[in-house]
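Numbering (our numbering), first residue to last: 48 to 410.
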């Protein structure tokens, strides 16, 4: 019987060697298939959705303002996002990593590059949500200040930068009330008061910081530091309670992190400015925003540029501090404009609206 089967297989061209090779190939395929579905310690970052800060989200205005006249506008001010897989609770397999390696708009790196792996997914999500809330607060204060509003604030020190001039001098709970500069004593009623005083001070200068400590006015000598751009900083972390002159509401879900701050601020400015800030153009961008209107660096800028182009943006506002990552990676058809302050970002949008976008600084 076995002899007859071998004869029949031989007539069909099926040799023992072919059978062995086929079985080996099937085994290798099964092994590769198994490997492709095994979780690996990598993260995969890809372009995420873009959202128009001038538009609606689920039929709700993303930015709404009450207590003052607002203005209709056109064009788009897109905030950009990335999607990152591979963190705690969201492991990726080898197949996703290989697919990411061959995609020009996707970044693959060890998971530690994207996430603090000592945290749980819940802790990461909570931190991201808090960063988003802080970015909305900063954007509101920065935008209203840029428009000339006073935003009274109670600024409480909640920590210091190790090694800074404030480290070991101030105490948590100190409320900043004033600062003595070469030009005289400045009462700190708004964050802009403090920011303006520091902007007029050279790094390395000893300033007398006035604080309310447990109900008693106290003067503290602080040697200012350098924020890396030549601006003086105190080296303190602040918690602010703000008395907003108008009510600004930002409604957005399922997006976290601090990088939408600049585009939130521009959206608020557009809502409160007569005419069309964008001139009808589609402008995307990214960048953290400080209470004083400084635009800071973010992660995933190459993926955000790719997402902006795919979403129809013509221009992209990039933090100056991200320029090294931008050079050589700008998608064809997208013009990148570098900015370091909200004032520069607003001016860039206005120039684009006026038809002068070609002369704007880039990376």
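From the three backbone atoms N, C-alpha and C, an ideal C-beta is built for every residue, glycine too.
Give the straight-line distance between the Cα atoms of residue i and residue j, rounded to the nearest whole angstrom.
| i | j | result |
| --- | --- | --- |
| residue 123 | residue 330 | 6 Å |
| residue 185 | residue 291 | 12 Å |
| residue 239 | residue 167 | 37 Å |
| residue 307 | residue 387 | 14 Å |
| residue 89 | residue 152 | 16 Å |
| residue 379 | residue 179 | 30 Å |
| residue 232 | residue 217 | 19 Å |
| residue 328 | residue 397 | 10 Å |
| residue 391 | residue 177 | 27 Å |
| residue 393 | residue 194 | 11 Å |
| residue 301 | residue 110 | 16 Å |
| residue 404 | residue 141 | 43 Å |
| residue 119 | residue 190 | 18 Å |
| residue 175 | residue 182 | 11 Å |
| residue 296 | residue 187 | 9 Å |
| residue 289 | residue 337 | 14 Å |
| residue 214 | residue 266 | 15 Å |
| residue 406 | residue 165 | 46 Å |
| residue 129 | residue 363 | 15 Å |
| residue 208 | residue 106 | 43 Å |
| residue 319 | residue 138 | 44 Å |
| residue 220 | residue 206 | 9 Å |
| residue 314 | residue 127 | 13 Å |
| residue 342 | residue 244 | 19 Å |
| residue 196 | residue 358 | 34 Å |
Of the residues the options, which one's Cα is nearest the Cα of residue i?
| i | options | result |
| --- | --- | --- |
| residue 154 | 131, 375, 176 | 131 |
| residue 162 | 399, 306, 147, 136 | 136 |
| residue 274 | 265, 370, 250, 262 | 250 |
| residue 121 | 321, 382, 383, 254 | 321 |
| residue 282 | 144, 262, 242, 361 | 242 |
| residue 98 | 354, 406, 362 | 354 |
| residue 395 | 365, 371, 372 | 365 |
| residue 226 | 210, 219, 208, 202 | 202 |
| residue 309 | 129, 340, 228 | 340 |
| residue 112 | 298, 356, 380 | 298 |
| residue 237 | 214, 244, 198, 217 | 198 |
| residue 150 | 94, 284, 374 | 94 |
| residue 134 | 346, 107, 159, 148 | 159 |
| residue 361 | 381, 220, 347 | 381 |
| residue 246 | 269, 219, 276, 255 | 276 |
| residue 14 | 107, 117, 125, 119 | Because the chain is modelled from 48 through 410, residue 14 falls outside the range shown and cannot be assessed. |
| residue 211 | 269, 101, 383 | 269 |
| residue 262 | 244, 222, 296, 313 | 222 |
| residue 116 | 316, 209, 342 | 316 |
Let me check one thing: in DSSP terms, what residues is residue i bridge-paired to?
| i | result |
| --- | --- |
| residue 89 | 157 |
| residue 273 | 279 |
| residue 329 | 123 |
| residue 286 | 203 |
| residue 111 | 296 |
| residue 341 | 388 |
| residue 8 | Nothing can be reported for residue 8: it is not among the residues displayed for the chain, which extend from 48 to 410. |
| residue 336 | 342 |
| residue 98 | 126 |
| residue 103 | 108 |
Given residue i, which residues of its chain have a CB within under 8 Å of its CB, disregarding the five upstream and five downstream residues?
| i | result |
| --- | --- |
| residue 172 | 303 |
| residue 114 | 292, 293, 294 |
| residue 224 | 234, 235, 257, 258, 259, 264 |
| residue 402 | 326 |
| residue 103 | 109 |
| residue 157 | 88, 89, 90 |
Please return the same chain residues whose Cβ sits closer than 6 Å to the Cβ of residue i, not counting the five positions on each side in sequence.
| i | result |
| --- | --- |
| residue 376 | 349 |
| residue 287 | 200, 202 |
| residue 285 | 202 |
| residue 389 | 189, 193, 312, 340 |
| residue 147 | 91, 153, 155 |
| residue 230 | none |
Closer than 7 Å by C-beta to residue i: which residues in its own chain qualify, once you throw out the five before and the five after it? Chain order, please.
| i | result |
| --- | --- |
| residue 144 | 87, 89, 91, 155 |
| residue 385 | 365, 367, 370, 408, 409, 410 |
| residue 345 | 306, 333, 334, 335, 366, 369 |
| residue 248 | 228, 254, 271, 279 |
| residue 252 | 271, 279 |
| residue 400 | 323, 324, 325, 326, 328 |
| residue 373 | 348, 365, 383, 410 |
_Those runs of the alpha helix (DSSP H) which lie wholly inside the stretch 131-206 and span at least 4 residues_ = If only complete runs of 4 or more residues are kept, the stretch 131-206 shows the alpha helix (DSSP H) at 141-149, 158-161, 168-193, in order along the chain.
_beta strand (DSSP E) runs contained entirely in the stretch 369-405, provided each spans 3 or more residues_ = For secondary structure counted as the beta strand (DSSP E) over 3 or more consecutive residues, the stretch 369-405 holds these complete runs in sequence order: 382-386.
*asked:* Extract the residue ranges of the alpha helix (DSSP H) inside the stretch 218-277, only unbroken runs of 4 or more that lie entirely within it.
replied: DSSP runs (the alpha helix (DSSP H)) wholly in the stretch 218-277: 238-246.
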